[in-house]
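Student:
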Amino acid sequence: MNPSNNNIETQDDIGTTGHEWDGITELNYPCPRWWVWIFLGTIVWAVGYWYIYPAWPVISGDSERGGTKGVMEWTQYKQLEESQSEIFSRRAENLEKLQNTSTKDVMDMPELYEFAVVGGKSAFKENCAQCHGSGGGGAKGYPNLNDDDWLWGGSLKELSKTIKYGIRSDHKNTRNSVMPPLAAVMGKDSVTKVSRYVAGLSKGSSSTAEGAKEYKQMCSACHGVNGEGNRIFGAPKLSDGIWLYGKGDEQQIESQIKSPQHGVMPAWIDRLGEDTIKQLVVYVYSLGGGE
Amino acid sequence: MLEKHKKLEKNSILLLIFIIITISIGGLIEIVPLFRLETTIEPVKGIRPYTPLELAGQDVYIREGCYGCHSQQIRALRDEVERYGHYSLAAESMYDHPFQWGSKRTGPDLARVGGKYSDSWHVQHMINPQEYVPESIMPSYSHMATSKASLDDIGSHLEALRVTGVPYTDSMIENAYTDAMAQANEGEANTKDGLLKRYGKNTIVRDFDGKAGFVSELDAIISYLQVLGTMADLKDYNPDVVE
Numbered sequence: 001m002n003p004s005n006n007n008i009e010t011q012d013d014i015g016t017t018g019h020e021w022d023g024i025t026e027l028n029y030p031c032p033r034w035w036v037w038i039f040l041g042t043i044v045w046a047v048g049y050w051y052i053y054p055a056w057p058v059i060s061g062d063s064e065r066g067g068t069k070g071v072m073e074w075t076q077y078k079q080l081e082e083s084q085s086e087i088f089s090r091r092a093e094n095l096e097k098l099q100n101t102s103t104k105d106v107m108d109m110p111e112l113y114e115f116a117v118v119g120g121k122s123a124f125k126e127n128c129a130q131c132h133g134s135g136g137g138g139a140k141g142y143p144n145l146n147d148d149d150w151l152w153g154g155s156l157k158e159l160s161k162t163i164k165y166g167i168r169s170d171h172k173n174t175r176n177s178v179m180p181p182l183a184a185v186m187g188k189d190s191v192t193k194v195s196r197y198v199a200g201l202s203k204g205s206s207s208t209a210e211g212a213k214e215y216k217q218m219c220s221a222c223h224g225v226n227g228e229g230n231r232i233f234g235a236p237k238l239s240d241g242i243w244l245y246g247k248g249d250e251q252q253i254e255s256q257i258k259s260p261q262h263g264v265m266p267a268w269i270d271r272l273g274e275d276t277i278k279q280l281v282v283y284v285y286s287l288g289g290g291e
Numbered sequence: 001m002l003e004k005h006k007k008l009e010k011n012s013i014l015l016l017i018f019i020i021i022t023i024s025i026g027g028l029i030e031i032v033p034l035f036r037l038e039t040t041i042e043p044v045k046g047i048r049p050y051t052p053l054e055l056a057g058q059d060v061y062i063r064e065g066c067y068g069c070h071s072q073q074i075r076a077l078r079d080e081v082e083r084y085g086h087y088s089l090a091a092e093s094m095y096d097h098p099f100q101w102g103s104k105r106t107g108p109d110l111a112r113v114g115g116k117y118s119d120s121w122h123v124q125h126m127i128n129p130q131e132y133v134p135e136s137i138m139p140s141y142s143h144m145a146t147s148k149a150s151l152d153d154i155g156s157h158l159e160a161l162r163v164t165g166v167p168y169t170d171s172m173i174e175n176a177y178t179d180a181m182a183q184a185n186e187g188e189a190n191t192k193d194g195l196l197k198r199y200g201k202n203t204i205v206r207d208f209d210g211k212a213g214f215v216s217e218l219d220a221i222i223s224y225l226q227v228l229g230t231m232a233d234l235k236d237y238n239p240d241v242v243e
């Protein structure tokens with residue numbers, strides 16, 4: 001190929017930039033018009049943006065909290081507040097009703113009840129399901145919330161207290177109780193006897209069976225004479241087949257006597273607030289075990 | 001003009017000098033605001049440096065790459081605030097080196113996970129996440145239960161952080177190891193008082209993993225998780241008030 005044919009300069013009347021390196025030159029095409037306009041436009045836009053929105057750090061106006069503020073005084077916090085108040089105003093009617101109605105009366109107001117259950121359900125999913133299971137079915141060490149078996153009580157009032165302040169939590173109003181390690185006091189023999197007796201309770205052990213005497217002495221103050229439990233201490237019923245820890249076999253009961261386990265439930269009042277807790281109470285109540 | 005530019009292009013030293021000048025302008029514009037970083041940190045009460053045990057926990061957090069799935073930054077958006085609580089403040093991560101804001105949320109944000117669960121829940125959840133959340137894809141970290149927390153050089157760790165501006169005092173550095181043991185309830189009698197004096201009476205002192213006898217990585221990471229998002233006194237916080 002003839003090298004002179006490669007020189008585009010001769011085929012076009014654009015001209016070159018004037019740079020020349022070892023015979024190589026550079027064509028001097030102008031930038032496309034549309035591109036130039038967009039470029040200028042962004043500069044104008046930026047100036048307008050600085051004027052309207054917070055933009056420049058360090059340079060502070062009247063505020064120590066650095067940066068220019070812009071004439072709209074926009075902040076993400078104000079924007080958050082606005083978007084929240086939009087939702088709040090949609091909920092306001094029901095929320096206000098909820099605040100002014102005792103939880104007990106909510107049960108008789110279908111619309112408000114519905115509102116509370118739906119709100120409670122979504123709060124439950126985010127905050128409670130990890131421990132109590134997504135349907136409130138519980139797990140080992142975490143009680144089932146949809147049956148009639150309550151450690152501390154299933155009335156609206158008791159539920160409210162439990163959820164607000166927690167159980168053995170950091171809150172000063174928390175529910176609290178301790179099952180003491182009794183094995184050392186009782187001695188090995190007696191521990192075995194009582195364990196067998198308690199394991200039999202749910203299967204209908206009689207009060208004259210072996211171990212009954214020791215049970216009455218050591219355990220009945222909290223768990224009840226017939227193993228019916230005591231809600232003041234959150235002491236579980238031992239005479240039903242529902243167990244917080246394990247399956248209620250002798251071994252499990254023996255280990256509870258030797259080194260008692262204690263469930264901890266966090267307090268929610270500071271995290272969730274009164275309104276959400278009211279909805280949660282109604283929701284948990286609605287799961288089927290409410291009293 | 002073009003002729004002058006030609007000179008620049010043909011003299012490498014001159015070119016170098018001008019390149020440096022040009023880059024410095026851009027560099028300054030990026031760096032200068034950092035000298036006034038304090039103006040971006042909100043005045044809020046309650047933020048303290050991490051205790052040595054919490055710091056050891058943060059080390060484990062970083063080593064295991066928890067930030068790959070968890071963020072620690074609640075943005076000021078309605079749905080985030082609804083789900084996770086009060087939006088994060090810059091002040092809340094001012095002693096994090098490196099900060100753990102993260103950018104990926106395979107799991108939930110952890111900025112306010114402190115106090116949300118019990119210690120024993122965390123223990124089980126770290127060992128086997130699927131036990132409580134069957135659909136979870138979080139891996140098991142059961143090795144933490146049996147590994148000793150790395151506390152032997154925790155004092156030098158505090159010292160290094162002090163260089164970056166974290167206000168650790170001499171007595172905090174000196175007592176770092178004792179404080180770590182005390183917080184996990186493995187210290188000698190009355191070492192607890194010193195810890196509470198140095199880090200405040202709200203410091204959580206517990207046997208976090210429920211296993212007496214030694215301070216595990218599980219102790220460390222749970223102490224860290226339990227303090228996340230709990231320090232700032234948010235009740236008194238108002239974004240419009242300038243100190």
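Chains A and B supply the protein sequences, listed in that same order. FYI, the numbering for the first sequence is 1 to 291, going by the numbering used here. FYI, the numbering for the second sequence is 1 to 243, going by the numbering used here. Here a beta-carbon is modelled for each residue, glycine too, at the ideal position from N, C-alpha and C.
Chain A partners of residue 76 of chain B, CB-CB under 7 Å?
Tutor: Under the 7 Å cutoff, chain A gives 76, 77 and 80.
Student: Chain A partners of residue 323 of chain B, CB-CB under 8 Å?
Tutor: Any question about residue 323 of chain B goes unanswered here, given that chain B covers just 1 to 243.
Student: Counting only Cβ pairs nearer than 9 Å, list the residues of chain B close to residue 84 of chain A.
Tutor: Residues of chain B passing the Cβ test: 78, 81 and 82.
Student: Write down the C-beta distance between residue 151 of chain B and residue 168 of chain B rounded to the nearest angstrom, noting that I regard them as a contact closer than 8 Å.
Tutor: Incorrect: roughly 15 Å between the Cβ atoms, too far for contact.
Student: When we look at the beta-carbon of residue 11 of chain B and count the other beta-carbons within 10 Å, is it buried (16 or more) or exposed?
Tutor: Exposed, by the Cβ-count rule.
Student: How would you write the range of the beta strand (DSSP E) that residue 21 of chain A sits in, first residue to last?
Tutor: That run of the beta strand (DSSP E) goes 16 to 21.
Student: Is there at least one Cβ from chain A nearer than 9 Å to residue 119 of chain B's Cβ?
Tutor: Answer yes: the Cβ-Cβ gap between residue 119 of chain B and chain A drops below 9 Å somewhere.
Student: Any idea which residues DSSP pairs residue 167 of chain A with across the strands?
Tutor: BP columns for residue 167 of chain A point to A:175 and A:265.
Student: Distance check for residue 121 of chain A and residue 283 of chain A, CA to CA, integer angstroms please.
Tutor: Approximately 6 Å, taken between the alpha carbons.
Student: From residue 198 of chain B to residue 211 of chain A, what distance separates their C-alpha atoms?
Tutor: In a straight line, the C-alpha of residue 198 of chain B is about 52 Å away from that of residue 211 of chain A.
Student: Taking the alpha helix (DSSP H) that residue 14 of chain B belongs to, which residues open and close that run?
Tutor: 12 to 35 is the span of the alpha helix (DSSP H), which, as asked, contains residue 14 of chain B.
Student: Report yes if the CB atom of residue 132 of chain B is closer than 9 Å to the CB atom of residue 235 of chain A, and no otherwise.
Tutor: No, Cβ-Cβ distance for residue 132 of chain B and residue 235 of chain A is not below 9 Å.
Student: From residue 142 of chain A to residue 251 of chain A, what does the alpha carbon distance come to, in whole angstroms?
Tutor: One C-alpha to the other measures close to 20 Å.
Student: When burial is assigned at 16 or more other CB atoms within 10 Å of the CB, is residue 100 of chain A buried or exposed?
Tutor: Result: exposed.
Student: What residues in its chain sit with their C-beta under 7 Å from that of residue 187 of chain B, if we drop five residues either side in the sequence?
Tutor: Taken in chain order, the residues that qualify are 178 and 181.
Student: For residue 115 of chain B, which residues in chain C fall below 9 Å Cβ to Cβ?
Tutor: Absent from the structure is chain C; the protein chains it does hold are A and B.
Student: Are the C-beta atoms of residue 31 of chain A and some chain B residue less than 9 Å apart?
Tutor: False, the Cβ-Cβ gap to chain B never drops below 9 Å.
Student: With a Cβ-Cβ cutoff of 9 Å, do residue 268 of chain A and residue 257 of chain A count as a contact?
Tutor: Cβ distance not < 9 Å, so residue 268 of chain A and residue 257 of chain A don't count as in contact.
Student: Could you give the C-beta distance for residue 70 of chain A and residue 55 of chain A, rounded to a whole number, given that I count them as a contact under 8 Å?
Tutor: Indeed they touch by this definition, with Cβ atoms about 7 Å apart.
Student: Quick check on residue 121 of chain B: buried or exposed, where buried means 16 or more other Cβ atoms within 10 Å of its Cβ?
Tutor: By the 10 Å Cβ count, residue 121 of chain B comes out buried.
Student: Give the interface partners of residue 85 of chain B over in chain A, defined as CB-CB distance under 7 Å, in chain order.
Tutor: Within 7 Å Cβ-Cβ: 271.
Student: Report, in whole angstroms, the separation of the C-beta atoms of residue 232 of chain B and residue 46 of chain B, which I expect to be a contact under 8 Å.
Tutor: That belief holds up - the Cβ atoms of residue 232 of chain B and residue 46 of chain B are roughly 5 Å apart, short of 8 Å.
Student: Less than 9 Å between CB atoms is the rule here; does residue 178 of chain B satisfy it with respect to chain A?
Tutor: No, residue 178 of chain B lies away from the interface with chain A (no Cβ there is under 9 Å from its Cβ).
Student: Nearest by alpha-carbon distance to residue 109 of chain B: which of B:79, B:4, B:219 and B:128 is it?
Tutor: When each option's Cα is compared against that of residue 109 of chain B, the closest is B:79.
Student: Assuming residue 257 of chain A is part of the alpha helix (DSSP H), what are its boundary residues?
Tutor: Here the alpha helix (DSSP H) through residue 257 of chain A covers 250 to 258.
Student: What first and last residue would you give for the beta strand (DSSP E) that runs through residue 24 of chain A?
Tutor: Segment 24 to 27, the beta strand (DSSP E) holding residue 24 of chain A.
Student: On the DSSP bridge list, what partners appear for residue 142 of chain A?
Tutor: Answer is A:139.
Student: Within a Cβ cutoff of 6 Å, which residues of the same chain sit near residue 179 of chain A, ignoring the five residues on either side of it in sequence?
Tutor: Around residue 179 of chain A: 260.
Student: Residues of the segment 132 to 153 of chain B with a CB closer than 7 Å to any CB of chain A: list them in chain order, please.
Tutor: Residues passing the 7 Å Cβ filter: 132 and 133.
Student: For residue 163 of chain A and chain B, any beta-carbon pair shorter than 9 Å?
Tutor: Not closer than 9 Å to any Cβ of chain B, the Cβ of residue 163 of chain A fails to qualify, so no.
Student: Counting contacts by CB-CB distance shorter than 9 Å, is residue 139 of chain A in contact with chain B?
Tutor: Yes, residue 139 of chain A lies at the interface with chain B (some Cβ there is under 9 Å from its Cβ).
Student: Alpha carbons only, please: which of B:26, B:16, B:70 and B:184 is nearest the one belonging to residue 55 of chain B?
Tutor: Comparing Cα-Cα distances from residue 55 of chain B to each of B:26, B:16, B:70 and B:184, the minimum goes to B:184.
Student: First and last residue of the alpha helix (DSSP H) that includes residue 79 of chain B?
Tutor: Segment 78 to 84, the alpha helix (DSSP H) holding residue 79 of chain B.
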